[in-house]
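Beneath this line is the structure, given in C-alpha cells, with notes to follow.
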Amino acid sequence: MLLHIFLVNVLADDSHSQSETNQRPNFLIIVADDLGWSDISPYGGEIHTPNLQKLADNGIRFIDFHTASTCSPSRAMLMSGTDHHIAGVGQMTETMQNFPDVWKDKPGYEGYLNFRVAALPEILQDAGYFTTMSGKWHLGMNPSQIPARRGFEDSFVLLPGGGNHYNYEISVPFLPRVYVRNSTYIDPNTLTDFYSTDYFTTELIESLKRNAMNRNVPFFAFLSFTAPHWPLQAPTDVIAKYKGIYDKGPSALRKARLENQQKLGILSRNISLPPDDTDEEGWNRLTSEEKAYSAKTMEVFAAMVDRVDQAIGRAVDYLNESNQFDNTVILFISDNGASGNTLVDVPISSPSQPGQYFNNSYENLGNKNSFVAYDPRWAHASTAPSRLFKGFLTEGGIRCPAIVHYPKLRSPLKISRAFTTVRDILPTLLDLANVPHPGTIFRNRTVITPRG
Numbered sequence: 002m003l004l005h006i007f008l009v010n011v012l013a014d015d016s017h018s019q020s021e022t023n024q025r026p027n028f029l030i031i032v033a034d035d036l037g038w039s040d041i042s043p044y045g046g047e048i049h050t051p052n053l054q055k056l057a058d059n060g061i062r063f064i065d066f067h068t069a070s071t072c073s074p075s076r077a078m079l080m081s082g083t084d085h086h087i088a089g090v091g092q093m094t095e096t097m098q099n100f101p102d103v104w105k106d107k108p109g110y111e112g113y114l115n116f117r118v119a120a121l122p123e124i125l126q127d128a129g130y131f132t133t134m135s136g137k138w139h140l141g142m143n144p145s146q147i148p149a150r151r152g153f154e155d156s157f158v159l160l161p162g163g164g165n166h167y168n169y170e171i172s173v174p175f176l177p178r179v180y181v182r183n184s185t186y187i188d189p190n191t192l193t194d195f196y197s198t199d200y201f202t203t204e205l206i207e208s209l210k211r212n213a214m215n216r217n218v219p220f221f222a223f224l225s226f227t228a229p230h231w232p233l234q235a236p237t238d239v240i241a242k243y244k245g246i247y248d249k250g251p252s253a254l255r256k257a258r259l260e261n262q263q264k265l266g267i268l269s270r271n272i273s274l275p276p277d278d279t280d281e282e283g284w285n286r287l288t289s290e291e292k293a294y295s296a297k298t299m300e301v302f303a304a305m306v307d308r309v310d311q312a313i314g315r316a317v318d319y320l321n322e323s324n325q326f327d328n329t330v331i332l333f334i335s336d337n338g339a340s341g342n343t344l345v346d347v348p349i350s351s352p353s354q355p356g357q358y359f360n361n362s363y364e365n366l367g368n369k370n371s372f373v374a375y376d377p378r379w380a381h382a383s384t385a386p387s388r389l390f391k392g393f394l395t396e397g398g399i400r401c402p403a404i405v406h407y408p409k410l411r412s413p414l415k416i417s418r419a420f421t422t423v424r425d426i427l428p429t430l431l432d433l434a435n436v437p438h439p440g441t442i443f444r445n446r447t448v449i450t451p452r453g
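The opening position of the sequence shown corresponds to residue 2 in my numbering, with each subsequent residue numbered one higher.
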C-alpha cells in the first residue's frame with residue numbers, strides 16, 4: 002500500500018496537466034529472474050549496469066521492497082494485487098508436482114493464476130490500454146491459462162519457469178521448451194538466433210512498434226526475463242568482461258558490496274553482515290582449480306545481469322526514439338532473491354557428470370551446451386547484506402531491488418525506505434492510469450479486490 006500512496010502523492014501535481022492533455026501514462030514493467038538485491042550497481046553491486054543506474058539516478062529506488070520467496074507466487078501477486086494463495090499460486094507448480102499428496106485439490110494451490118482475481122492486464126485492456134508481454138509467464142500451462150486469456154492482446158512467452166537461454170535441445174525431457182505467441186503454441190526449433198534476454202526484448206519492442214503504427218493508445222508492457230535464472234549462460238564476450246573479478250571468493254564479494262552500499266548511503270554504517278549459513282569457510286578448503294571453476298560460474302552470472310541491463314537500454318532507446326519515454330512509467334524489480342539452488346538433485350546438470358548431456362568443463366561454462374548454477378555462497382553474496390536467498394522467508398529471499406522511473410515524478414526523494422511489496426504494484430498503476438478497480442464483479446465472474 003505504501004508504494005501506492007507514495008507514487009500517487011508525488012505525482013499529484015501532474016494530475017491537472019494530464020487531464021488537460023488526456024494523455025494517460027504508458028507502463029513498462031520489467032522483471033528479472035532470481036536477481037539478488039545487491040547484484041546491480043544502484044544497490045552496491047559491481048556488475049556493469051549503467052542503464053539501471055541511470056533509471057535509478059533519475060527516478061526512485063526502493064530499499065525495503067519485498068516479494069514472495071519464489072518466482073510464480075511473486076508474479077501472481079504482481080498480476081492480482083493480492084496474496085498469491087488467493088490468486089491460486091500458493092506454491093510453485095514444480096514443487097507441488099514433487100509432493101502431490103500435500104497440495105492436490107487444496108484451495109489456493111491450483112498452480113495457475115486463477116479466475117478469482119481480475120488480472121492487471123485484463124483491467125487495463127478493458128480501460129483501452131494496449132497490453133503486451135514478452136518473456137517468462139510461469140502462471141499456467143494450459144490454453145485457458147496463457148497470457149492471451151488473461152488480458153494480453155499481444156504476447157510471446159515461455160510458459161514454464163525457465164529454460165535453456167539459447168533454446169538448446171537435449172535428448173531428455175528436462176525444462177520443456179513451451180513457447181506461445183498469442184494463442185499459438187510454437188515449435189521451438191523455429192526460433193533461431195535465440196538468446197532469451199535479447200529475443201524477449203526484441204519481441205516486446207516489435208510489439209510496441211506495431212501498436213504505435215496502428216493506433217494511438219497507451220500501452221501496458223511486461224518484459225519478463227528468464228535471466229539470471231540458471232542455467233548460467235551468456236555471450237562469451239560479455240563473460241570475458243568479468244574474468245578474474247571474483248577470484249577472491251564470495252565472502253570477499255559480500256563484504257565489498259556492503260561497504261559500497263554504505264558508501265552510496267543506501268545502508269547505515271552501523272549495519273553489519275549476519276552470520277553466514279552457507280559454509281563460508283568451505284571456500285578456503287577448495288583447491289585452486291575448484292575455486293577457479295566456482296568463480297567462473299559467478300562470472301557467467303554477472304554477464305547475464307550485464308546483458309539484461311543492455312536489453313533494458315535497448316527498450317529505453319526505443320521509447321526515446323518513438324517519443325514515448327517522457328510519458329512512460331518504468332518499473333524494474335526482481336521476482337525474489339538470488340537462487341542458492343546447487344542443482345545437486347538434477348544429475349544432468351552436475352559438473353561431475355557432464356559427458357552424457359552437457360559439457361560443463363571450465364572452458365565451456367556459459368555456452369549453450371553447459372548447464373550449471375552458482376553455489377549458495379555466491380547467492381548469499383548476491384543478497385548482501387541480508388541472510389540467505391530464494392526459497393527462504395529471510396530478507397535474502399524476499400527483499401528485492403525496485404526502481405521506478407517516470408519523468409513526471411516531482412519528488413526530491415531518490416531513495417525510499419518505505420516498506421513496499423509486489424502487491425502494491427497493481428493498485429498503484431491503476432491509480433496512475435485513473436482506472437478504478439472493477440470491484441467484486443468482473444467479466445461476469447466474482448473476483449477478490451486487491452490487498453496491496
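C-beta: ideal position from N, C-alpha, C; glycine also.
Simplified DSSP state of residue i, which is helix, strand or coil
i: residue 438; result: coil
i: residue 24; result: coil
i: residue 55; result: helix
i: residue 367; result: strand
i: residue 80; result: helix
i: residue 155; result: strand
i: residue 136; result: strand
i: residue 444; result: coil
i: residue 353; result: Confidence at residue 353 is low in this model, with a pLDDT of 47, below 50, so the placement of that residue should be treated as unreliable; the coordinate-derived value is given next. The answer is coil: DSSP assigns residue 353 none of H, G, I, E or B.
i: residue 267; result: coil
i: residue 326; result: helix
i: residue 70; result: coil
i: residue 433; result: helix
i: residue 1; result: What the structure shows of the chain is the stretch from 2 to 453, and residue 1 is not part of that stretch, so it cannot be assessed.
i: residue 359; result: coil
i: residue 400; result: strand
i: residue 382; result: helix
i: residue 227; result: coil
i: residue 147; result: coil
i: residue 422; result: strand
i: residue 1; result: Here the chain has residues from 2 to 453 only, and residue 1 is not among them.
i: residue 62; result: strand
i: residue 124; result: helix
Cβ neighbour criterion (16 or more within 10 Å) applied to residue i
i: residue 194; result: exposed
i: residue 273; result: exposed
i: residue 161; result: buried
i: residue 262; result: buried
i: residue 425; result: buried
i: residue 170; result: exposed
i: residue 442; result: exposed
i: residue 26; result: buried
i: residue 146; result: buried
i: residue 454; result: Residue numbering for the chain in the displayed model covers 2 to 453; residue 454 lies beyond these limits and cannot be assessed.
i: residue 234; result: buried
i: residue 279; result: buried
i: residue 151; result: buried
i: residue 264; result: exposed
i: residue 437; result: exposed
i: residue 101; result: exposed
i: residue 44; result: buried
i: residue 444; result: exposed
i: residue 103; result: exposed
Any non-hydrogen atom of the ligand ATP closer than 7 Å to residue i Cβ
i: residue 403; result: Because no ligand of any kind appears in the structure shown, any question about the ligand ATP cannot be addressed here.
Under 8 Å between C-beta atoms of residue i and residue j
i: residue 222; j: residue 34; result: no
i: residue 448; j: residue 118; result: yes
i: residue 389; j: residue 381; result: yes
i: residue 267; j: residue 416; result: yes
i: residue 149; j: residue 224; result: no
i: residue 41; j: residue 50; result: yes
i: residue 242; j: residue 310; result: no
i: residue 168; j: residue 178; result: yes
i: residue 366; j: residue 298; result: yes
i: residue 331; j: residue 29; result: yes
i: residue 226; j: residue 112; result: no
i: residue 440; j: residue 82; result: no
i: residue 400; j: residue 387; result: yes
i: residue 284; j: residue 323; result: no
i: residue 404; j: residue 57; result: yes
key: Any beta strand (DSSP E) of 3 or more consecutive residues that is wholly inside the segment 157-215   = Counting only runs that start and end inside the segment 157-215, the beta strand (DSSP E) elements of at least 3 residues fall at 180-182 and 185-187.
- prompt: Are the segment 177-191 and the segment 88-98 touching by the rule of at least three beta carbon pairs closer than 8 Å?
  reply: Taking 8 Å as the limit for Cβ pairs, the verdict is that the segment 88-98 does not touch the segment 177-191.
Across the segment 288-300 and the segment 28-44, are there enough close Cβ pairs to call them in contact, namely three or more that are closer than 8 Å? They do not touch, by the three-pair rule.
Touch check for the segment 128-135 and the segment 212-219: three-plus C-beta pairs under 8 Å? Contact holds: three or more Cβ-Cβ distances are below 8 Å.
Do the segment 61-74 and the segment 367-379 touch if we need at least three Cβ pairs shorter than 8 Å?
Counting Cβ pairs under 8 Å, fewer than three are found: no touch.
**OP:** Flag this pair as touching only if the segment 333-343 and the segment 194-205 have three or more C-beta atom pairs under 8 Å; answer yes or no.
**Re:** Flag = no, the segment 333-343 and the segment 194-205 do not touch.
Entirely within the segment 250-320 and at least 4 residues each: give me those alpha helix (DSSP H) ranges in chain order. Secondary structure remark: continuous alpha helix (DSSP H) runs of at least 4 residues inside the segment 250-320, in chain order: 251-265 and 283-286.
#### Entry: Contact between the segment 152-159 and the segment 199-215 (3+ Cβ pairs under 8 Å)
Short answer: they touch.
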